[in-house]
Amino acid sequence: MMCGLEIHVQLNTNSKLFCSCHTNYQSAENNTNICPVCLNQPGAKPYPPNQSALDNAIKVALMLGCDISDEVI
5 MMCGLEIHVQ LNTNSKLFCS CHTNYQSAEN NTNICPVCLN QPGAKPYPPN QSALDNAIKV
65 ALMLGCDISD EVI
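FYI, the numbering for the sequence shown is 5 to 77, going by this note's numbering.
Structure follows, in structure tokens:
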């Protein structure tokens, strides 16, 4: 049996994982760093994943001794 662990954390990147919205929540007005992708609106297609965010997540996973799967089922 294989089990996965999902962790939600805000990474130190300039844009979100699946769109180009900024991540400067501290200095932004409410509801300004959003787009149709963030809001999961019908027909909104996510962008390719933010490579910097993926790199950071992989580094953390490797530091924690996690195995990184080549594919997701």
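For each residue, glycine too, the CB sits at the ideal point set by N, CA and C.
- Put simply, of Ile11, Pro40, Cys7 the residue whose alpha carbon is nearest the alpha carbon of Val64 is Ile11.
- Contact between the segment 46-65 and the segment 11-20 is present: three or more C-beta pairs spanning the two stretches fall below 8 Å.
- By the criterion of a C-beta distance shorter than 7 Å, Cys25 is surrounded in its chain by Ser19, Asn37, Ile38, Cys39, Cys42, once the five residues flanking it on both sides are discounted.
- Counted as a single uninterrupted DSSP element, the stretch harbouring Asp74 is not any alpha helix (DSSP H), since DSSP gives it neither H nor E.
- Per DSSP, His12 has no beta-bridge partner at all.
- Taking C-alpha positions only, Asn34 is separated from Leu21 by approximately 19 Å.
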